[in-house]
Amino acid sequence: MSRNPDFFSDWDDLPAEFFTAATITPTAPLRPPPSAPADTSWPAPSGPAGPLPEFSGRADGIFSPPPRPSRPPSLDLRPRPLRETQAGSFLRAIAAAADDDQIWAAQESGVRFWNLCEAFGDGGARGRARRGDEESAPFWESCRTAPALCLAVDRGRRVVWSGHRDGRILGWRTESRGPLPPPPPPNSSVDQSGDFKECLAWNAHRAPVLSMVVTPYGDLWSGSEVGIVKVWSKDALEHSLSVAIEESHKVSQLVERSYVDLKSLVTYGGVCPLPTVDVKHLLSDNSRSKVWSGGYLSFALWDSRTKELLKVINIDVQVETRFDILSVQGAYEEDDTKINLFSSFKKDKSQSSRSRNALIGAADAVRRVAVKAGFGDDNRRIEALAMSMDGTIWTGSANGSLALWDGNGNRLQEFQHHASSILCICTFGLRVWVGYMDGTVHLMDIEGNLIGGWVAHNNPIIKMAVAGLYIFTLANHGGICGWNLSSPGPIDNILQSELIQKETLYSKFEHLKILVGTWNVGQERASYNSLAALLDFSESEVGLVVVGLQEVEMGAGYLAIAAAKEK
1 MSRNPDFFSD
11 WDDLPAEFFT
21 AATITPTAPL
31 RPPPSAPADT
41 SWPAPSGPAG
51 PLPEFSGRAD
61 GIFSPPPRPS
71 RPPSLDLRPR
81 PLRETQAGSF
91 LRAIAAAADD
101 DQIWAAQESG
111 VRFWNLCEAF
121 GDGGARGRAR
131 RGDEESAPFW
141 ESCRTAPALC
151 LAVDRGRRVV
161 WSGHRDGRIL
171 GWRTESRGPL
181 PPPPPPNSSV
191 DQSGDFKECL
201 AWNAHRAPVL
211 SMVVTPYGDL
221 WSGSEVGIVK
231 VWSKDALEHS
241 LSVAIEESHK
251 VSQLVERSYV
261 DLKSLVTYGG
271 VCPLPTVDVK
281 HLLSDNSRSK
291 VWSGGYLSFA
301 LWDSRTKELL
311 KVINIDVQVE
321 TRFDILSVQG
331 AYEEDDTKIN
341 LFSSFKKDKS
351 QSSRSRNALI
361 GAADAVRRVA
371 VKAGFGDDNR
381 RIEALAMSMD
391 GTIWTGSANG
401 SLALWDGNGN
411 RLQEFQHHAS
421 SILCICTFGL
431 RVWVGYMDGT
441 VHLMDIEGNL
451 IGGWVAHNNP
461 IIKMAVAGLY
471 IFTLANHGGI
481 CGWNLSSPGP
491 IDNILQSELI
501 QKETLYSKFE
511 HLKILVGTWN
521 VGQERASYNS
531 LAALLDFSES
541 EVGLVVVGLQ
551 EVEMGAGYLA
561 IAAAKEK
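In UniProt numbering, the protein residues as written are 1 to 567.
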């Protein structure tokens with residue numbers, strides 16, 4: 001194929017509509033940093049008080065998105081990756097571990113973690129800038145496992161527990177591992193499946209593990225589907241973690257037999273006071289020795305030491321379910337069997353009827369809670385659960401409302417600061433952060449007063465965690481940003497002024513000439529030489545070339561030749 005001189009002429013002879021120019025310019029002047037005597041307080045810094053300028057790209061060029069009001073500077077631990085690079089690597093949850101010096105994340109292929117001391121290093125795992133994580137801070141990645149759904153930090157044992165879709169629970173050591181080792185050669189016999197392996201693993205549930213929490217007594221609680229809650233013994237966990245890795249397959253069987261099934265523990269005569277809903281939330285109230293468990297519209301309160309069921313709570317009504325009453329009813333049922341040998345048929349019938357009526361009454365009350373929890377208003381379902389330092393419990397709903405509860409399960413107050421759905425809540429000290437479906441973050445005090453807010457992501461915020469001096473937000477697209485705990489505050493303007501001063505270091509002007517055209521090979525097999533002849537120009541003139549190939553026309557001649565070849 002030869003080049004058509006009538007169509008491909010000199011660059012300067014092409015019409016203007018063939019080109020698209022893109023220029024990036026600063027939107028704010030460079031200003032000097034503020035100065036003040038050492039013995040006086042620092043005034044508000046000069047420079048823009050609004051957010052830093054942002055730029056986004058699309059097919060028709062570079063544009064500046066609308067400003068995000070009051071958005072403070074952020075630490076991009078993992079900038080937003082491209083969606084097509086996230087197959088098998090989507091992040092589901094994050095947690096802070098190792099004295100708040102590490103950020104752990106649950107992903108579809110295992111777990112990974114970042115050391116905050118390496119937050120400004122080159123991206124990738126083991127020095128490899130993998131696709132989708134080119135701009136990410138250096139991270140360690142585990143061996144491949146089933147998708148991880150939840151995380152629980154065990155600070156006493158320095159272990160992070162991960163719950164997986166296949167019903168297994170895995171433990172990971174959190175000790176500092178130093179800098180990432182260099183990647184092994186491609187043909188090396190070194191295991192390249194991950195940077196580290198689990199220290200303990202066992203089959204915990206038949207269904208996915210949806211939530212976990214560690215109590216102050218050292219027990220590990222895990223929740224799954226249809227209201228299943230299991231407690232894993234402290235002694236079994238500690239013994240298993242102290243055994244060498246070579247014998248871990250033996251001790252895993254010991255852990256599997258050390259659990260207590262709380263649902264079967266409180267079931268008497270086929271009646272269970274727990275609603276059959278997925279246990280999405282588990283929260284340990286260490287000051288009162290209680291554990292909250294529940295789904296979207298109901299909760300159960302447990303004694304974390306005795307495993308006694310204290311109360312079942314619904315967002316509309318509260319059903320008091322005392323464990324000792326159910327135990328007495330169970331004892332009455334046993335006594336009925338013994339009395340049958342010595343009492344008349346009429347007396348036995350009366351006694352069993354009263355016992356049966358009591359159980360039926362309890363079942364009706366539980367059934368009402370279960371029906372409301374399973375088929376209630378979707379806008380009122382509880383999506384987030386957290387506890388503040390004063391012992392109050394915060395719940396966030398899909399309609400954007402926040403509810404405040406005391407430690408005994410009594411609702412105290414309700415707030416509404418935003419119309420979007422609440423997906424996560426994080427507390428630290430006297431502050432409460434709320435993450436919304438539209439990517440907004442709200443900051444409140446422990447009394448529910450709104451302090452500030454900003455647009456953190458353009459996707460839903462699904463999880464938050466406090467580590468170091470930052471609160472990290474995980475968006476649904478996989479991006480992780482860190483925000484200073486003092487934000488919004490005076491330090492934001494100081495950082496913005498310094499960044500704007502150094503804008504020339506991370507931004508530049510670039511003019512591109514883009515040629516856009518189509519190429520029809522005319523029912524012939526295209527070759528590299530024909531493409532080179534088509535694009536026959538000096539490399540110094542090229543900015544960006546886009547070639548669109550038309551669909552090959554199936555003419556009569558081509559079909560005849562193809563039919564002859566088939567014969």
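From the three backbone atoms N, C-alpha and C, an ideal C-beta is built for every residue, glycine too.
According to the neighbour-count rule (16 or more other Cβ atoms, all chains shown, within 10 Å of its Cβ), is residue i buried or exposed?
i, result
"K290", "buried"
"A419", "exposed"
"V255", "buried"
"R83", "exposed"
"E498", "exposed"
"N187", "Confidence is the limiting factor: at N187 the pLDDT is only 48, short of 50, which leaves the residue's position unreliable and the question unanswerable from this model."
"N493", "buried"
"V545", "exposed"
"N4", "Reliability of the predicted coordinates at N4 is poor, the pLDDT of 44 falling under 50, and no value is obtained from them."
"V312", "buried"
"R112", "buried"
"S222", "buried"
"S35", "In this prediction, S35 has a pLDDT of 42, which is less than 50 and means its spatial position is unreliable; what the coordinates show is noted afterwards. When all chains shown are included, S35 counts as exposed."
"R131", "exposed"
"T306", "exposed"
"V226", "exposed"
"A563", "exposed"
"F509", "exposed"
"D133", "buried"
"P561", "The residue asked about is misnamed: residue 561 is Ile in this sequence, not Pro. With fewer than 16 Cβ atoms within 10 Å of its Cβ, I561 is classed as exposed."
"L469", "exposed"
"S421", "buried"
"L301", "buried"
"R58", "Reliability of the predicted coordinates at R58 is poor, the pLDDT of 44 falling under 50, and the value obtained from them is presented with this limitation in mind. Classification of R58: exposed, given that the 10 Å Cβ count is below 16."
"R206", "exposed"
"H511", "exposed"
"N410", "exposed"
"M389", "exposed"
"residue 642", "Residue 642 lies beyond the residue range present for the chain, which begins at 1 and ends at 567; the question has no answer from this structure."
Between residue i and residue j, which are expected to be in contact by the criterion C-beta below 8 Å, what is the C-beta distance as a whole number of angstroms?
i, j, result
"L385", "V279", "Rounded, the Cβ-Cβ distance is 11 Å, inconsistent with contact."
"A96", "V159", "So it is not a contact: roughly 14 Å between Cβ atoms."
"R144", "S109", "5 Å"
"A119", "L77", "6 Å"
"P81", "L149", "Not quite, the Cβ-Cβ distance comes to about 20 Å (not below 8 Å), so this is no contact."
"D285", "W292", "7 Å"
"I451", "L430", "Actually they do not touch by this definition, with Cβ atoms about 10 Å apart."
"L423", "I382", "No, L423 and I382 are not in contact; Cβ-Cβ is about 11 Å, not under 8 Å."
"I471", "F428", "7 Å"
"L241", "W161", "Incorrect: roughly 11 Å between the Cβ atoms, too far for contact."
"P273", "L309", "7 Å"
"S70", "W454", "5 Å"
"G448", "L404", "6 Å"
Which residues does DSSP pair with residue i in a beta bridge?
i, result
"Y436", "I422"
"M464", "T473"
"T427", "V432"
"R168", "N203"
"G223", "S211, V229"
"G396", "A384, L402"
"C150", "G163"
"R411", "W405"
"N299", "This sequence places Phe at residue 299; Asn is not what is there. Paired residue(s): G294, I313."
"C481", "D76, T473"
"N70", "Correcting the residue identity first, residue 70 is Ser in this sequence and not Asn. Bridge partners of S70: none, in fact."
"F509", "Its beta-bridge partners do not exist; DSSP assigns none."
"E141", "R112"
"R173", "V159"
"T444", "A quick correction: the sequence has Met, not Thr, at residue 444. Paired residue(s): V432, L450."
"S284", "V291"
"L544", "I514"
"F196", "S142"
"residue 573", "Residue 573 lies beyond the stretch modelled for the chain, which goes from 1 to 567, so this question has no answer here."
"V455", "T440"
- prompt: At a cut of 8 Å, does the stretch 472-486 reach the stretch 496-515 through at least three beta carbon pairs?
  reply: no
task: Would you list, in sequence order, the uninterrupted alpha helix (DSSP H) runs of no fewer than 4 residues that lie entirely inside the stretch 238-272?
output: 248-256, 262-265
query: Which runs of the beta strand (DSSP E) spanning at least 3 residues fall entirely within the stretch 80-116, listed in chain order?
result: 91-97, 102-107, 110-115
field: Segment contact, 8 Å Cβ cut-off, at least three pairs: the stretch 197-210 with the stretch 251-269
entry: yes
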